[in-house]
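What follows is a short report on a single structure.
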Amino acid sequence: MIYLDEVKGDIVDSVWDDIPPVNPMGDERADYATQKPEALLERIIKASSNEGDLVADFFCGSGTTGAVAERLNRRWIMCDLGRFAIHTSRKRLIELQRKLHEDGKSYRAFDVYNLGRYERQWWQKERFDKLTANGMSPDEEHRKVVLEFFKAEVLQNAPSPLIHGKKAGAFCHVDGIDSIFDRNEAREVAKAVAQAGAKECYVLAWEFEMDLRLTTAALEKELGVKLMLIQIPREIMEKNRKNPPPFLEMAVLEAQPVYKGEGNDKTVDIKITKFMPSLAEVPIKEIEALKERAIKSGTDFIDFWAVDFDWQPGKPFNHHWQDYRMRKDRSLKTVSDACFKYPKPGTYTACVKVVDTFGCDTSITVEVKV
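The numbering of the sequence shown is the numbering used here, which starts it at 99 and goes up by one.
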């Protein structure tokens, strides 16, 4: 039995009204509607865990749980279905890491993973998993729905199994509902289109492999076939939707290395030379106005970008350098200032990752010779 006069400190009541909400002008404010005060999460984490323990938040929102757990030397896992939530949390953790680094304190590296395409999988199960009355397979029915929304003709006797439709003189290829269109598929589709005697093909896919535009540019030179990469809009999954939503090309990102110095003093940075957001996540009413602005100054839509100067396929992305816009400072560098030095002469691959103001990721690789 413990008596009240034996307890150190104040007894915490079941109603916590001593923690004020997030200050609208405070540094911790992330402009996220459901953001909680760090003091609240600090109390919860300290009361329920020890240093080194694992803290999980499966609806992380603005990332308060992860930020406080990192500061209190806890390991953490955060999840969210919203792209904006993931992007806000990523920026917040990077900013915290910068501060911890400046203060000489340790911090952990982290990575962002997409662990499922749940929305499409549910849609597939509900609509396509069973053979339809007309005898079409789920894949065929999926392609038919996509092509109808795209206002393209469904080809019954196509010259290749990789060609599924036709629109305005160009062929159409529809990728699988639960796959990523990659460079190997791009080559096979381009070859099929070339053999059919055509010059253009719309590639309709839910997701595209990183760096794919470099591949399609090379294929156009090699085979004379232009692949137009179009992201399938999620709006086609809406129940009872009749009118087609906009089908927009994937984002364009171009960058080049910037060299300084000679010999052992040679350093490398990366310059973004072109960026055009896809606008796939933009409300339909705003697309035309934003499209005009994106053409004039696409880099205005970059909210965060980072460089891994020694990127390795299949390995986690290392944030050797990054810059991002903050609530109080909307400026952004378009040339990194890392002055990165490679250990020895050779050819390396740098990876550039951009997150736009809509929370969409775009990445490319850049060849670096030192």
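Every residue gets a Cβ at the ideal spot worked out from N, C-alpha and C, and that includes glycine.
- Assignment of beta-bridge partners to G263 by DSSP yields V252, C270.
- Burial check for Y101: the Cβ neighbour count within 10 Å stays below 16, so the residue is exposed.
- Residue pairing by DSSP leaves C458 without any beta bridge partner.
- Around the CB of A315, fewer than 16 other CB atoms lie within 10 Å, so the residue is classed as exposed.
- Fewer than three beta-carbon pairs drawn from the region 176-196 and the region 382-394 are found closer than 8 angstroms, and the two stretches are therefore not classed as touching.
- In this structure, the straight-line span from the alpha carbon of E168 to that of K197 is close to 12 angstroms.
- When the beta-carbon positions are compared, S160 and Q133 come within less than 8 angstroms of each other.
- Counting only the Cα atoms, R311 lies some 17 angstroms from F345.
- For E305, same chain residues with a beta-carbon under 6 angstroms away, outside a window of 5 residues either side, are I278 in chain order.
- In this structure, DSSP gives R285 a helical state, which the three-state scheme calls helix.
- Taking 8 angstroms as the cut-off, the beta carbon of K265 is found closer than this to the beta carbon of E251.
- Taking C-beta atoms under 8 angstroms as the contact rule, K451 and W403 qualify, at a distance of about 7 angstroms.
- Along the region 411-449, the beta strand (DSSP E) occurs as fully enclosed runs of 3 or more residues at 419-422, listed in sequence order.
- In the displayed model, L377 falls within coil according to three-state DSSP, outside both helix and strand.
- Looking at K358, G396, D151, Y357, the one whose alpha-carbon comes closest to that of F373 is G396.
- One thing to note: F438 has its Cβ within 8 angstroms of the Cβ of V366.
- With respect to the 8 angstroms criterion, A353 and I192 are not classified as neighbours on the basis of their beta carbons.
- DSSP places K358 within a strand segment (E or B) once states are collapsed to three.
- The Cβ atoms of V433 and A448 do not sit closer than 8 angstroms to each other.
- DSSP places A404 in the uninterrupted beta strand (DSSP E) bounded by 400-406.
- For E104 and D115, the gap between their C-alpha atoms comes out near 24 angstroms.
- Per DSSP, A315 is one residue of the alpha helix (DSSP H) stretching across 310-321.
- Distance from the CA of H418 to the CA of A436, rounded to the nearest whole angstrom, comes to 8 angstroms.
- Taking all protein chains shown into account, Y300 has 16 or more neighbouring C-beta atoms within 10 Å of its C-beta and is therefore buried.
- The beta carbon of L321 sits closer than 7 angstroms to those of A288, K289, A292, all from its chain and outside the five residues before and after it, given in chain order.
- For G444 and T460, the gap between their C-alpha atoms comes out near 26 angstroms.
- In chain order, G164, M176, C177, D178, A183, S187 place their CB closer than 7 angstroms to the CB of C158, counting only its own chain and leaving out the 5 sequence neighbours on each side.
- Distance between R425 and A294, taken at the CA atoms: about 52 angstroms.
- Between I400 and D454 the beta-carbon gap is near 6 angstroms, inside 8 angstroms, which marks them as a contact.
- In this structure, E298 is the residue among E336, E298, K106 with its C-alpha nearest to the C-alpha of G267.
- Cβ-Cβ separation between Q329 and D276: approximately 15 angstroms, too far for a contact (criterion under 8 angstroms).
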